[in-house]
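*Asks:* 13 is the number of the first residue of the sequence shown in the numbering used here; add one for each residue after it.
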Amino acid sequence: MYTESALLIVGDELLSGRTQDVNLYRFSGILGEYGLPVKGAKVVRDSVQDISRSVHELLLPGRILIISGGLGPTDDDLTLKGVAKALEKPLERNPEAEAMVRKKQRQYGLGVPESALKQADIPAGAIPVMNPVGIAPGVVISYSNSAVICVPGVPSESRALIEPCLAAADAIPGRTEAVLFIRTWGLKENDLFDSLKETSEKFGVIPAYLPSPGRVDVKVSGPGAEEFRSAVITKLAGRVYSTKRDETLEEVLGRKLVKSQYLLSVAESCTGGGIGRAVTSVSGSSEWFAGGVISYSNRVKTSLLGVSETVLASWGAVSRETALAMARGVREITGSHCAVAVTGIAGPGGGTDEKPVGTVWTAALTPKGERADLWRIGGNRETVREGAVSRSLGSLLELLG
């Protein structure tokens, strides 16, 4: 019925630079797997007029349009008004959607004010889809021989809703071609491309490289994809952490720690709590995460973690010796089995000729051994910090084997 797709991302915050969109990447991969290649994409502000105009532009015959963002109880959640205007359908209080909203509000211990019930006002004839991780339902609207799907912009909610909404639109009779993923850590995109060039030519595939700080996903499909993936896993060894599209490094590490009955602790300097935030984003991390220390100053490194002043004076705060001492110290005070530590220069100031901005030392300890690694991470302050988080966790995962 549908042969292609388009994406419309809604939100003032995306155009102001306050928030980075991740749904475009995620949706494109899913839609491609279902034989609905993305033929166009657009980001617009929270405006009924702009949304309506963009729906007219992107909703072509035989196409399914996915709209992310602008669903919710506030006055700037205008997506459904824009869609209703474009399709010339009135907004109506949908009883099924209202029941979903009421159930979710009560589930989260909230009242049910009229502002919340606004999320049940959807275009006439639309199908509401229960949101498993939030409140605002997904909305599916058939229109001639095309369709519109609206999901919240929050990544966890859109991720949970996109495939149920596609199913409600009868848009996923089956995957047309397997798309395989290889998720890597600690490798730069250009280095990975060079490393895998000969392998991709051997198996006749054209991989897509999808980078994020400290991590690169390799996506491949078609004849030869399975053989290519197997060869890459062997070639890259411990730098591949998963072959599942939505499985994170933190989830994989957590499962390995649980299997070994190990607890993890972290000592952070330049990442300022980023490692702790990453691991506690995983549901159930209390089973394997003991806690951590943000030792931003040298005084805290010595007083809490036991890093000697001799080590700091001789080698500096950003050094192999300090990283290992931090990891040993946090393991001792928390009683954990494993530990990771990171210390570095995130910039934009603080660099020297010997230790330029982007210099990061990570350390990882397990009951069976320890390691320390020097990294040179390019980019702005946030990229360096995020890259350091990925490399810290990846080094522990590789050490665990």
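Built from N, CA and C at the ideal position, the CB exists for glycine as well.
State whether the segment 325–337 contacts the segment 264–274, with contact taken as three or more CB pairs (one from each stretch) at a distance under 8 Å.
*Replies:* no
*Asks:* Taking buried to mean at least 16 other C-beta atoms within 10 Å of its own C-beta, is R187 buried or exposed?
*Replies:* Working through the sequence shown from its first residue, we reach residue 187 at position 175. In this predicted model, R187 has a pLDDT of only 49, less than 50, meaning its place in the structure is not dependable enough to derive any value.
*Asks:* Determine contact between the segment 168–182 and the segment 366–384, defined as no fewer than three beta-carbon pairs at a distance below 8 Å.
*Replies:* no
*Asks:* In whole angstroms, give me the CA-to-CA distance for G198 and C350.
*Replies:* Taking the sequence shown and counting its residues from 1, one reaches residue 198 at position 186. Taking the sequence shown and counting its residues from 1, one reaches residue 350 at position 338. When only Cα atoms are considered, G198 and C350 end up about 20 Å apart.
*Asks:* Quick check on Q140: does DSSP put it in helix, strand or coil?
*Replies:* Along the sequence shown, one-based indexing puts residue 140 at 128. According to the sequence provided, residue 140 is Pro. The question's Gln does not apply to it. Looking at P140 - three-state DSSP - the assignment turns out to be strand.
*Asks:* Which residues does DSSP list as the beta-bridge partners of G123?
*Replies:* Residue numbering aside, residue 123 sits at position 111 when the sequence shown is read from its first letter. BP columns for G123 are empty, so no partner.
*Asks:* Would you check if the segment 63–78 and the segment 91–107 touch, i.e. whether three or more CB-CB distances between them fall below 8 Å?
*Replies:* yes
*Asks:* By the 10 Å Cβ neighbour count, where 16 or more other Cβ atoms means buried, how is R195 classified, buried or exposed?
*Replies:* Position 183 of the sequence shown, counted from the first residue, corresponds to residue 195. R195 should be labelled buried.
*Asks:* Determine the DSSP secondary structure at R38, reduced to helix, strand or coil.
*Replies:* Taking the sequence shown and counting its residues from 1, one reaches residue 38 at position 26. Helix at R38.
*Asks:* Please confirm if the segment 14–29 is in contact with the segment 159–166, defined as three or more CB-CB distances below 8 Å between the two stretches.
*Replies:* yes
*Asks:* Does the segment 174–183 come close enough to the segment 124–143 to have 3 or more Cβ pairs within less than 8 Å?
*Replies:* yes
*Asks:* Where does R397 fall in DSSP's three states?
*Replies:* Here residue 397 refers to the residue found at position 385 of the sequence shown. Three-state DSSP puts R397 in a helix.
*Asks:* To the nearest angstrom, report how far apart L409 and K268 are at their CA atoms.
*Replies:* Your numbering for residue 409 matches position 397 in the sequence shown. Your numbering for residue 268 matches position 256 in the sequence shown. When the Cα atoms are used, L409 and K268 turn out to be separated by approximately 8 Å.
*Asks:* For I63 and P176, I'd like the C-alpha separation in whole angstroms.
*Replies:* Here residue 63 corresponds to residue number 51 of the sequence shown, with the count starting at 1. Here residue 176 corresponds to residue number 164 of the sequence shown, with the count starting at 1. Approximately 23 Å, taken between the alpha carbons.
*Asks:* Identify, in the order they occur along the chain, each residue of the same chain with its Cβ nearer than 8 Å to the Cβ of P360, setting aside the five sequence neighbours on each side.
*Replies:* Numbered from its first residue, the sequence shown carries residue 360 at position 348. Result list for P360: V369, N392, R393, in chain order.
*Asks:* Is Q131 buried or exposed, if buried means 16 or more other CB atoms sit within 10 Å of its CB?
*Replies:* Reading the sequence shown from its first residue, position 119 is the one you call residue 131. So Q131 ends up on the buried side.
*Asks:* Drop a sphere of 10 angstroms on the beta-carbon of V145, count the other beta-carbons inside from all chains shown, and report buried for 16 or more, exposed for fewer.
*Replies:* On the sequence shown, residue 145 is found 133 positions in, with the first residue counted as 1. V145 comes out exposed.
*Asks:* In this structure, does DSSP put C282 in helix, strand or coil?
*Replies:* The residue you call residue 282 lines up with position 270 of the sequence shown. If DSSP states are grouped into helix, strand and coil, C282 belongs with coil.
*Asks:* Under a Cβ-count criterion, where at least 16 other Cβ atoms within 10 Å of its own Cβ denotes burial, should P167 be classed as buried or exposed?
*Replies:* Along the sequence shown, read from residue 1 onward, the residue named residue 167 stands at position 155. Classification for P167: exposed.
*Asks:* Buried or exposed: R2, going by 16 or more other Cβ atoms within 10 Å of its Cβ?
*Replies:* As displayed, the chain neither begins before 13 nor continues past 413, which places residue 2 out of reach and without an answer.
*Asks:* Quick check: the Cα distance between V228 and K367, rounded to an integer number of angstroms?
*Replies:* Your numbering for residue 228 matches position 216 in the sequence shown. Your numbering for residue 367 matches position 355 in the sequence shown. About 25 Å.
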